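To start, the structure itself, in structure tokens.
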Amino acid sequence: MDYLLDAAAGQRMTIDFRTDNPSAYFNLTAGSDPTALQVGSTSGNSYDGTLIWSGTYRVRVYLMRNAARRNETAS
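Here it is as structure tokens:
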């Protein structure tokens, strides 16, 4: 699931992703650039930073493949 957020350069973004499923994570990307600013599965499920670009940011919430194959859910 994707959440799109419009923000301006210089704004602070804080994400504290909490879930009941340890295989659920989020990635944060800016604009159409596929390079993640935050990769939850390797850097943890929180982000706190000052944005350097104005535009749309994408928070993509996902399950790791092993959990998705078992049809797990997260809340």
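Numbered by our numbering, the letters in the sequence shown go through residues 13 to 87 in order. We put the CB at the ideal spot given by N, CA and C, even for glycine. Since we're looking at a predicted model, the values are computed, not measured.
Residue burial is scored here from C-beta neighbours: A20 has fewer than 16 other C-beta atoms within 10 angstroms and is therefore classed as exposed. Counted as a single uninterrupted DSSP element, the stretch harbouring T31 is not any beta strand (DSSP E), since DSSP gives it neither H nor E. Runs of alpha helix (DSSP H) with 4 or more residues, each lying fully within the stretch 31-69, are found at 52-55, listed in chain order. With a threshold of 16 other beta carbon atoms within 10 Å, L40 meets it and is buried.
Residues of the same chain with a CB within less than 8 Å of the CB of Q23, apart from the 5 flanking positions on each side, are T62 and L63 in chain order. With fewer than 16 other Cβ atoms from the protein chains shown falling within 10 Å of its own Cβ, Y15 counts as exposed.
In the displayed model, A19 falls within a strand according to three-state DSSP.
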